Each structure stands twice: as structure tokens, then as C-alpha cells.
Amino acid sequence: MEKNPREAESVDCREASRLLCAAYERKLSATESESLTYHLDRCFMCRNFDSQLKFLHTAAERFRSGGK
Ligand SMILES: [Zn+2]
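Count the sequence shown with this note's numbering and you get residues 333 to 400, in order.
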């Protein structure tokens, strides 16, 4: 069954957090980042998770490049 294009915009929290993690490993497709943005606009929990991820990622980057 074909997926309704409107449905691509609504992901659940599990899918949203999967996309948030994936965004650090690869470039998200236009549809994926659109769905993610759409979800983040509406979900405080995932925005919170996003900022935690950003924090961890920045810390890890600093650790890796600042080393020693
Ligand atoms: Zn969510």
C-alpha cells in the first residue's frame, strides 16, 4: 500500500528520536527532516531529547579534538 504523503509528516516519538540520532551519522532526507521538524514543533519531550543530544555531541566532539 502506498504511503499517504501527509502521513510522512507525522512520526511518533520513537521515530523522532531515531531520526535525531541518525542526523548525527548521516544526512537526513528532505522528507525525514521535514517530519522531524514537524514533530519537534509539537513535542516538548523530543525537543528536550534533541538538546540533550546536541549537548552530548558537542561534548564528545570537544573531547575528541581537544584530546590529551
Ligand atoms: Zn516526541
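For each residue, glycine too, the CB sits at the ideal point set by N, CA and C.
Owing to the predicted nature of the structure, the values given are computational and were not obtained by experimental measurement.
task: Could you check the C-alpha separation between Ser365 and Leu351 for me, to the nearest Å?
output: Along the sequence shown, one-based indexing puts residue 365 at 33. Along the sequence shown, one-based indexing puts residue 351 at 19. Whole-angstrom Cα-Cα distance: 8 Å.
- prompt: Where does Tyr370 fall in DSSP's three states?
  reply: Position 38 of the sequence shown, counted from the start, is the residue given in the question as residue 370. If DSSP states are grouped into helix, strand and coil, Tyr370 belongs with the helices.
message: What residue range does the alpha helix (DSSP H) around Ala391 cover?
response: In the sequence shown, counting from the first residue as 1, residue 391 sits at position 59. Element bounds for Ala391: Phe376 to Gly398.
- prompt: Taking the Cβ atom as the reference point for each residue, do Leu385 and Cys353 lie within a distance shorter than 8 Å?
  reply: As a position in the sequence shown, residue 385 is number 53, starting the count at 1. As a position in the sequence shown, residue 353 is number 21, starting the count at 1. Closer than 8 Å, so yes.
query: What do you reckon, is the C-beta of Ala355 under 7 Å from a heavy atom of ligand 1?
result: In the sequence shown, residue 355 corresponds to position 23, counting from 1. Result no, Cβ not under 7 Å from ligand 1.
message: I'd like to confirm something about His389: is its beta-carbon nearer than 7 Å to some heavy atom of ligand 1, or not?
response: The residue you call residue 389 lines up with position 57 of the sequence shown. Every heavy atom of ligand 1 is 7 Å or more from the Cβ of His389, so no.
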